[in-house]
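**Q**
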Amino acid sequence: MITLSAEEERLVETIRSLPPDSADHLRVWIKRLGELSEGKGVDWSDSWSEEDIEDLQAASIKDFEARELEDH
Numbered sequence: 002m003i004t005l006s007a008e009e010e011r012l013v014e015t016i017r018s019l020p021p022d023s024a025d026h027l028r029v030w031i032k033r034l035g036e037l038s039e040g041k042g043v044d045w046s047d048s049w050s051e052e053d054i055e056d057l058q059a060a061s062i063k064d065f066e067a068r069e070l071e072d073h
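Residue numbers (this note's numbering): 2 to 73.
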């Protein structure tokens with residue numbers, strides 16, 4: 002049996018309170034974030050630079066286009 006920390010317990014409670022579809026979306030986002038981080042730490046900065054936003058938009062478009070190609 003695994004013992005959760007207080008923070009982990011709050012996370013589990015929050016996820017359990019979500020509608021099933023929302024919980025599934027969150028699970029997918031968390032998995033993608035883990036894949037994107039490639040095992041490195043994630044910078045949880047509260048501020049985004051213009052360059053950060055542009056990088057995110059470019060990566061989003063690239064990912065969307067790749068998925069569209071896979072589906073067709």
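Note that the Cβ used here is the ideal one computed from N, Cα and C, for glycine as well.
When the distance is taken between beta carbons, is L57 closer than 9 Å to W49?
**A** Along the sequence shown, one-based indexing puts residue 49 at 48. Along the sequence shown, one-based indexing puts residue 57 at 56. Contact flag set, yes.
**Q** Going by beta-carbon coordinates alone, are L5 and I16 separated by less than 9 Å?
**A** Residue 5 sits at position 4 when you count from the first residue of the sequence shown. Residue 16 sits at position 15 when you count from the first residue of the sequence shown. Contact: no.
**Q** Which runs of the beta strand (DSSP E), 3 residues or longer, sit entirely within the segment 13-45?
**A** Listed in chain order, nothing qualifies, since the segment 13-45 has no complete beta strand (DSSP E) run of 3 or more residues.
**Q** If you draw a straight line from the C-alpha of G42 to the C-alpha of D22, how long is it?
**A** Start at 1 with the first residue of the sequence shown, and residue 42 comes out as number 41. Start at 1 with the first residue of the sequence shown, and residue 22 comes out as number 21. Between G42 and D22, the C-alpha separation is close to 28 Å.
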